[in-house]
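Protein chains in written order, with this note's numbering: chain F, 247 to 396; chain B, 247 to 396.
A virtual CB, placed ideally from N, CA and C, is assigned to each residue, including glycine.
These numbers come from a predicted model, not from an experiment.
The structure appears below as structure tokens.
Protein chains: 2
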Amino acid sequence: MAEKKYQEQLQHFEAICKDAGLKLTHQRLVIYTELIQSHDHPSAEALYKTLEKSLPSLSLDTVYRTLATFEKLGLIHRLETVSSQARYEALGERHHHFLCDECSRVYDFFWPAFDTMRLPEEVDELGEIDRTSVVVHGVCSQCRAEKKKR
Amino acid sequence: MAEKKYQEQLQHFEAICKDAGLKLTHQRLVIYTELIQSHDHPSAEALYKTLEKSLPSLSLDTVYRTLATFEKLGLIHRLETVSSQARYEALGERHHHFLCDECSRVYDFFWPAFDTMRLPEEVDELGEIDRTSVVVHGVCSQCRAEKKKR
DNA sequence: GTTGATGCAAACGATTTGCAACTGC
DNA sequence: GCAGTTGCAAATCGTTTGCATCAAC
Numbered sequence: 247m248a249e250k251k252y253q254e255q256l257q258h259f260e261a262i263c264k265d266a267g268l269k270l271t272h273q274r275l276v277i278y279t280e281l282i283q284s285h286d287h288p289s290a291e292a293l294y295k296t297l298e299k300s301l302p303s304l305s306l307d308t309v310y311r312t313l314a315t316f317e318k319l320g321l322i323h324r325l326e327t328v329s330s331q332a333r334y335e336a337l338g339e340r341h342h343h344f345l346c347d348e349c350s351r352v353y354d355f356f357w358p359a360f361d362t363m364r365l366p367e368e369v370d371e372l373g374e375i376d377r378t379s380v381v382v383h384g385v386c387s388q389c390r391a392e393k394k395k396r
Numbered sequence: 247m248a249e250k251k252y253q254e255q256l257q258h259f260e261a262i263c264k265d266a267g268l269k270l271t272h273q274r275l276v277i278y279t280e281l282i283q284s285h286d287h288p289s290a291e292a293l294y295k296t297l298e299k300s301l302p303s304l305s306l307d308t309v310y311r312t313l314a315t316f317e318k319l320g321l322i323h324r325l326e327t328v329s330s331q332a333r334y335e336a337l338g339e340r341h342h343h344f345l346c347d348e349c350s351r352v353y354d355f356f357w358p359a360f361d362t363m364r365l366p367e368e369v370d371e372l373g374e375i376d377r378t379s380v381v382v383h384g385v386c387s388q389c390r391a392e393k394k395k396r
């Protein structure tokens with residue numbers, strides 16, 4: 247059954263590539279396949295190290311470029327990061343973040359109904375919880391307005 | 247009233263520094279003050295550029311070092327990032343993340359009750375929403391076990 | 001055959017580090 | 001005065017880019 251899932255995802259992948267006019271290269275296939283099979287949220291480097299074993303000619307740059315391509319296509323997600331710069335905030339009232347994928351701006355919002363919810367029990371087993379927040383990804387109104395102009 | 251809030255936060259800051267045996271330097275004070283007054287989640291560089299104007303001798307390294315110190319003290323937060331490396335995952339079932347602050351491992355968990363909730367209306371005004379997830383920060387069981395050993 | 005994709009090397013930006021001078025306590 | 005902190009410069013790490021070669025269509 248897991249087998250079947252892969253097949254579906256791979257077909258979906260091929261369709262997406264074709265639609266986007268992207269060549270179905272061996273590297274892309276290998277990177278995508280590894281990504282749908284691994285559940286440890288690998289970094290570019292981690293992927294490279296794994297794949298290098300079976301495909302020694304692979305280069306790290308290709309991994310980076312391919313991941314960027316996949317992300318643009320919406321095939322994969324980059325975990326909760328905002329750009330490559332770390333951003334900071336002083337502790338204050340409990341709030342959550344809206345991250346604009348276009349301009350990397352961060353907006354705060356409040357959500358008291360969420361704040362009072364209990365996390366599912368399975369989370370307690372993962373470790374000691376320090377803080378919890380909601381992250382919304384999207385395109386902020388400002389960027390949307392600019393896009394429309396064009 | 248906002249004035250009063252600052253005073254409190256500053257006193258809290260001084261107390262924390264004293265407790266931790268940290269010197270109350272001008273740089274630290276300036277950086278902390280800026281951070282509690284700015285609401286745009288600045289990066290180290292952004293802070294530096296702002297503060298440099300009034301304190302030209304300030305160096306970017308100090309900003310980095312100070313932010314790291316503050317973070318360790320729990321005075322500030324680094325936004326949802328996991329280490330400085332980007333991490334990826336293929337699209338799959340809707341899930342959320344537990345990030346271990348010690349080892350940077352990422353664990354998935356499910357939370358159907360959250361998935362059906364509606365975001366507060368104010369978020370709609372911020373922009374077009376692409377996806378929403380819950381991020382839990384903490385120390386995973388594995389790291390906790392290792393810590394106890396010592 | 002054409003066009004886009006790869007590998008390589010070099011560039012780049014963000015962050016960290018070693019070290020000598022300096023400053024709070 | 002001493003230990004901790006800073007500024008500077010150099011190093012490091014993750015990621016991006018220019019370019020010639022190569023592979024998919």
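Let's test the definition: count the other Cβ atoms within 10 Å of the Cβ of P423(B) and tell me whether it reaches 16, buried, or not, exposed. Missing from the structure shown is residue 423(B); chain B here goes from 247 to 396 and no further.
Output yes if chain B places a C-beta closer than 8 Å to the C-beta of D347(F); else output no. yes
On a Cα-Cα basis, can you pick out the residue from E374(B), W357(B), H323(B) that is closest to S387(F)? E374(B)
Give the single residue among Y334(B), V369(B), K318(B), R333(B) whose Cα lies nearest to the Cα of A397(B). Not covered by the structure: residue 397(B). The range shown for chain B is 247 to 396.
My output table needs one value for C263(B): the three-state DSSP class, helix, strand or coil. helix
Quick one: which chain F residues come within Cβ less than 7 Å of H228(B)? There is simply no residue 228(B) to check, as chain B begins at 247 and stops at 396 in what is shown.
Out of E280(B), H285(B), E339(B), S303(B), which one is the CA nearest neighbour of E339(F)? H285(B)
Along the chain, which unbroken stretches of the beta strand (DSSP E) at least 3 residues long are found entirely within the region 330 to 360 of chain B? 334 to 336, 342 to 346, 352 to 355
8 Å Cβ shell around H323(F) - same chain, five flanking residues per side excluded: E317
Look at the Cβ atom of D376(F), then the Cβ atom of D376(B), and state whether they are nearer than 8 Å. no
Do F344(F) and G384(F) have their C-beta atoms closer together than 8 Å? yes
Could you name the residues of the region 260 to 281 of chain B whose beta carbon sits closer than 8 Å to any beta carbon of chain F, in the order they occur along the chain? Y278, L281
In chain B, which residues lie less than 8 Å from Q331(F) when you measure between Cβ atoms? S289, A290, E291
Touch test, the region 350 to 368 of chain F against the region 270 to 284 of chain B, Cβ-Cβ under 8 Å, three pairs minimum: no
For D286(B), three-class secondary structure by DSSP: coil
Sorted by chain position, which residues of the same chain lie with C-beta nearer than 7 Å to Y252(F)'s C-beta, five sequence neighbours on each side aside? I282
At a Cβ cut of 8 Å, what residues of the region 351 to 376 of chain F count as close to chain B, listed as they run along the chain? R351, V352, Y353, D354, F355, F356, W357, A359, F360, M363, L365, P366, E368, V369, E371, L372, G373, E374, I375, D376
Cβ of S387(F) within 8 Å of any chain B Cβ: yes
Best match in K299(B), S300(B), Y294(B) for proximity to T223(B) [C-alpha to C-alpha]: What is shown of chain B runs 247 to 396, which leaves residue 223(B) out entirely.
So the alpha helix (DSSP H) R311(B) belongs to, where does it begin and stop? 306 to 319
Mind checking if E335(B) is an interface residue toward chain F, Cβ cutoff 8 Å exclusive? yes
Assuming the contact rule is C-beta atoms closer than 8 Å, I262(B) and L325(B) should be a hit. Round their C-beta distance to whole Å, please. With 8 Å as the limit, I262(B) and L325(B) do not qualify as a contact, their Cβ atoms being about 21 Å apart.
The beta strand (DSSP E) enclosing R364(F), as first and last residue numbers: Taken as a continuous stretch (DSSP letters only), R364(F) belongs to no beta strand (DSSP E), as it is neither H nor E.
Just to make sure I have the definition right: I need the residues of chain F whose C-beta is within less than 9 Å of the C-beta of R390(B). Which are they? G373, E374
Could you tell me whether the Cβ of R324(F) comes closer than 8 Å to any Cβ of chain B? yes
CB of S379(B) within 8 Å of CB of H342(B), strictly: yes
Per DSSP, what kind of secondary structure is S379(B) in: helix, strand or coil? strand
Let me check one thing: in DSSP terms, what residues is E374(B) bridge-paired to? V385(F)
What distance in whole Å lies between the Cβ atoms of V369(F) and V382(B), which are believed to be in contact at a cut-off of 8 Å? 6 Å
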